[in-house]
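For the record, in the sequence shown the residue sitting at position 46 is 921 according to this note's numbering, with numbers rising by one throughout.
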Amino acid sequence: MPLSDRQSSIPEFARTLHDLKDLMGTSSQEIIEELAFQILMNRFPGLASGTLSPAEETRLRREADELTDFLCEAMDLAPSLEGGKDAQH
């Protein structure tokens, strides 16, 4: 995903993550870890069986870092979005 697309989708994703956090009563870190795990399992079928090639392992590490950064940015933004909602009421 291009950086500009990623940045424009962060506020919407942050609202979703914030709602998940409230619904599940769990920590942001737990949500981030579970989402990242599920996304990476779908993108890298060999991850579950331990059959990743060296090239896939390199790509997996890069994508995991990017995904974690994106999810963390969204979670960091979630409280400010909630504050914005409260300010509007």
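Every residue gets a Cβ at the ideal spot worked out from N, C-alpha and C, and that includes glycine.
The alpha helix (DSSP H) enclosing residue i, as first and last residue numbers
i	result
Ala915	Checking the sequence, you will find Leu at residue 915 rather than Ala. Element bounds for Leu915: Ser903 to Arg918.
Leu922	Gly921 to Ser924
Nearest-angstrom Cβ-Cβ length linking residue i and residue j, presumed shorter than 8 angstroms
i	j	result
Leu935	Leu922	7 angstroms
Leu952	Ile906	Incorrect: roughly 14 angstroms between the Cβ atoms, too far for contact.
Leu895	Ile914	That pair is no contact at about 14 angstroms.
Arg871	Glu932	The structure shown does not extend to residue 871, since the chain spans only 876 to 964, so no value can be given for it.
CB contact flag (residue i, residue j, <7 angstroms)
i	j	result
Phe888	Ala949	yes
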